[in-house]
Structure formats: C-alpha cells, structure tokens
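A short write-up of the structure that comes next.
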Amino acid sequence: KAGVTQTPRYLIKTRGQQVTLSCSPISGHRSVSWYQQTPGQGLQFLFEYFSETQRNKGNFPGRFSGRQFSNSRSEMNVSTLELGDSALYLCASSLERLAIYEQFFGPGTRLTVL
Amino acid sequence: GENVEQHPSTLSVQEGDSAVIKCTYSDSASNYFPWYKQELGKRPQLIIDIRSNVGEKKDQRIAVTLNKTAKHFSLHITETQPEDSAVYFCAASRGGATNKLIFGTGTLLAVQP
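Heads up: the protein sequence lines correspond to chains A and B, in order. Numbered by the working numbering, the letters in the first sequence go through residues 1 to 114 in order. Numbered by the working numbering, the letters in the second sequence go through residues 115 to 227 in order.
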C-alpha cells in the first residue's frame, strides 16, 4: 500500500505570495492532519480534516487555511506569506477519527519564503 | 493549555548502552501517546505507542512506560546501535475524540560507535 504523499516537495516563494500544498493520504484513510515543523517551534498542529470537514484547528492566523476533498485528499493554503512561514509542512493520515489509530506522516513540503 | 515537555534535548550514548527519554503532558484527558523517530531529512516515523489503559509496552529493544497519575511517559531503548541515531519526538493526544497530536520538543539521540 502506498504511503502518504505530498506535493510539491520543495517550494520557494517570496513575501506576500500565496501557496497551496497538497497531501494524498494512504488509501482508505479518511483523516488528514497538518503540522508545521520549524527548528524553533518544533512540530505544531495546524488542522485536522475528516469527511471533508475541518474538525480541529491549531493556533495559527487566518492566513492558514485548508480543505479536504471527497477522495480524502487535502490541501492547505497560506496567503500573504511571511518570512516566518518558512518551514517543513507535514501531513499525516489516519484511518478514522473517533477511535485511536496510528497516524502516518508524509515526506513533507519544504517551504522557503524569501 | 495543552503542553508536552520532553527531556533531555540531546542525548549521547555509547553503542550498546541504554537510552531513556522522558515526557510530561499537561492535558489529563490525553489517552494516546505515540513516539516518532525522525532521521535527518526524513519524515517522522511511528516507532511505538501506548494507550492510557496500559502501563508498559515493549517491542524488541524499545519500550514505553506510562504513569497516568504523574502524567509522565518514557521511551527506553536498550542495546543502542548507530542506526538509532535520530531525533525522537513524544506526543500526546485525546485519541478517540481527535487525531490532534501535541508534540514534545524532540530529543537528538547520538549513538557513538
């Protein structure tokens, strides 16, 4: 079974631009969560999606948004990019939400904001 | 608020020695505690997890213990090998209600051959 995939793997943007990142979960997984990883802040939760609905949101500004499609694929968008948005963005997929299942991470998208 | 503290931030051991990483969580509703290993430039990979109804779980050289009363959980790696060198993250979650993971700050483990 293929693992979690994320595209693109690397991205360079300039301040003020916007970016869309994509995550394809493991086949059959319906829950997708997003995390931001930086050397200073570690791994921080962004959002959780299940059945095309955002179920939980972390403490990030409204410039960070996301969505989930009917095939469970998810996208996250960051508008008006700031230098501090440079990070590795990881998504994780899980089979379900209302039960404890392992979460599997994708390889991440490395975003650099210049 | 929700918080997970992890210690130490760096740990250097000789090959064959044991390594212990400790985490403390603040949310008493947490009931699922996974540990992830992240090698340089790679994705975090789940190595072991424990649920709140279990006090200890072991998988070959890796074990995790949980003390719900003290809100502590620990990762134990025995007979360390150079390939164990990586950053290890603990996390806590209200499993069953959400998949949101609150991560510790990570421990850089270096196993010296």
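Backbone N, C-alpha and C fix where the C-beta goes; we use that ideal spot for every residue, glycine too.
For residue 42 (chain A), the nearest CB of chain B lies under 7 Å from its own CB, placing it at the interface with that chain. Contact check for residue 50 (chain A) against residue 97 (chain A) passes: the beta carbons are separated by less than 7 Å. Along the segment 10–90 of chain A, the beta strand (DSSP E) occurs as fully enclosed runs of 3 or more residues at 10–13, 19–24, 31–38, 42–50, 53–57, 64–68 and 74–78, listed in sequence order. Rounded to whole angstroms, the gap between the alpha carbons of residue 123 (chain B) and residue 220 (chain B) is 6 Å. In the assembly as shown, residue 147 (chain B) is a buried residue. Its beta-carbon has 16 or more other beta-carbons within 10 Å. Listed in chain order, the positions of the segment 96–107 of chain A with a beta carbon within less than 9 Å of a beta carbon of chain B are 96, 97, 98, 99, 100, 101, 102, 103, 104, 105, 106 and 107. Following the DSSP letters along the chain, one finds residue 136 (chain B) inside the beta strand (DSSP E) bounded by residues 133–139.
Annotation: the continuous beta strand (DSSP E) that includes residue 159 (chain B) extends over 159–165. Counting C-beta pairs closer than 8 Å gives three or more between the segment 33–46 of chain A and the segment 85–101 of chain A, which meets the contact rule. Residue pairing by DSSP places residue 124 (chain B) opposite B:222 in a beta bridge. Residue 166 (chain B) sits away from residue 185 (chain B), with the two beta carbons spaced by 7 Å or more.
Closer than 7 Å to the CB of residue 124 (chain B) there is not a single CB belonging to chain A. In the DSSP assignment, residue 7 (chain A) forms a beta bridge with A:22. In the displayed model, residue 197 (chain B) falls within a helix according to three-state DSSP.
Collapsing the DSSP output to three states places residue 150 (chain B) in a strand.
The beta carbons of residue 189 (chain B) and residue 135 (chain B) sit closer together than 7 Å. Chain-ordered listing is empty here: chain A has no CB closer than 9 Å to the CB of residue 187 (chain B), the nearest sitting near 15 Å. Per the coordinates, the alpha-carbon of residue 179 (chain B) lies some 44 Å from the alpha-carbon of residue 80 (chain A). Using a Cβ distance threshold of 7 Å, residue 12 (chain A) and residue 209 (chain B) do not count as a contacting pair.
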